[in-house]
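Chains as they are written, first to last, in this note's numbering: chain A, 6 to 117; chain B, 31 to 149. Glycine included, every Cβ here is placed at the ideal spot set by N, Cα and C. The structure presented is a predicted model; accordingly, all values stated were derived computationally and were not measured. Comments concern the structure below.
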Amino acid sequence: DVVMTQSPLSLSVTLGQPASISCRSSQGLVYSDGDIYLNWFQQRPGQSPRRLIYKVSNRDSGVPDRFSGSGSGTDFTLKISRVEAEDVGVYYCMQGTHWPRTFGQGTNVEIK
Amino acid sequence: EVQMVESGGGSVQPGGSLRLSCTASGFTFSNYWMNWVRQAPGEGLVWVSFINSDGGRTGHADSVNGRFTVSRDNAKNTLYLQMNSLRAEDTAIYYCVRDGRDGSLFDYWGQGTLVTVSS
């Protein structure tokens with residue numbers, strides 16, 4: 006199975022400051038069609054996960070533009086340009102290129 | 031509005047069975063691949079099963095293979111997960127998750143249903 010390794014596992018951020026989460030895969034994630042199936046999800050306390058980013062850098066409808074995704078090969082990053090109180094929660098990366106689909110361990114984001 | 035509502039969770043003894051359901055609305059269910067993803071208490075997300083749009087192709091995680099079976103009834107807009115030989119480690123919230131079009135994986139999630147396996 007492809008192992009997805011996130012870092013850090015916990016992040017304490019001052020309101021209005023940037024935050025960055027790294028996700029590294031144990032294998033390359035380029036599919037035979039040329040796409041990279043790397044997604045990012047946010048799970049607020051007590052809620053279901055919500056997709057933020059798909060195929061590395063495509064932001065979902067309704068997701069604030071302070072969220073951005075980037076990366077290539079085996080290294081990917083989720084950035085929050087200015088953290089707001091509503092961004093508190095756990096963030097997961099997920100690869101869908103290889104079966105089984107696998108998630109990172111999650112990164113807990115809190116406000117300092 | 032896309033909605034998926036899971037049901038069928040509850041408490042069961044080890045070795046028992048449960049069948050989860052996920053009723054979809056707001057989209058043409060028969061056009062989409064569907065998944066089950068679970069989350070043990072205080073833990074991360076784990077993919078469990080997938081099924082393609084017509085039900086002809088399925089896949090399961092090794093941890094549930096041979097015990098869990100995913101199926102669907104497109105006439106009823108419903109996804110199922112039959113869970114047999116349940117173990118304590120199957121205790122989790124089970125989410126119904128849609129795969130969007132053009133490789134847009136895991137675009138919508140249900141609210142989840144809790145399964146507790148305990149004696």
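### Task
Under 8 Å between beta-carbons, which chain B residues line up against residue 108(A)? List them in chain order, please.
74, 75, 76, 77
### Query
Can you check whether the CB of residue 113(B) is closer than 9 Å to the CB of residue 97(B)?
yes
### Query
Quick one: what does DSSP say residue 91(B) is sitting in, helix, strand or coil?
coil
### Under 7 Å (Cβ pairs) to chain A, residues found in the region 80-93 of chain B
89, 91
### residue 58(B) classed as buried or exposed, judged by whether at least 16 other C-beta atoms fall within 10 angstroms
exposed
### Message
Spatial neighbours of residue 39(B) within its chain, please: C-beta separation below 6 Å, excluding the five flanking residues on both sides.
### Response
143, 144, 145
### Closest by C-alpha distance to residue 88(B), when choosing among 109(B), 73(B), 69(B)
109(B)
### Task
Compare the C-beta of residue 111(A) with all C-beta atoms of chain C and state if any pair is closer than 9 Å.
No chain C appears in this structure, whose protein chains are A and B.
### Counterpart residues of residue 44(A) in DSSP-defined beta bridges
99(A)
### Query
Straight-line CA distance for residue 46(A) to residue 99(A)?
8 Å
### C-beta contact flag for residue 47(B) and residue 115(B) at 9 Å
yes
### Query
For residue 87(A), which residues of its own chain have a beta-carbon under 6 Å away from its beta-carbon, when the five flanking residues on both sides are left out?
21, 71
### Task
Give the residues of chain A in contact with residue 135(B), contact being defined as C-beta atoms less than 9 Å apart.
42, 44, 56, 59, 60, 99, 101, 106
### Query
Hey, which unbroken runs of the beta strand (DSSP E) at 3 residues or more fall wholly within the region 59-84 of chain B?
64-69, 75-81
#### Entry: Residue of 44(A), 19(A), 67(A) minimising C-alpha distance to residue 109(A)
44(A)
### Message
Using a Cβ-Cβ cutoff of 7 Å, what residues of the region 52-70 of chain B are near chain A? List them in chain order.
### Response
none
### Minimum Cβ-Cβ distance from residue 32(A) to chain B less than 9 Å
no
### Message
Using 9 Å as the threshold, is the C-beta distance between residue 57(A) and residue 74(A) below it?
### Response
yes
### Task
Output the boundary residues of the beta strand (DSSP E) element that contains residue 53(B).
48-55
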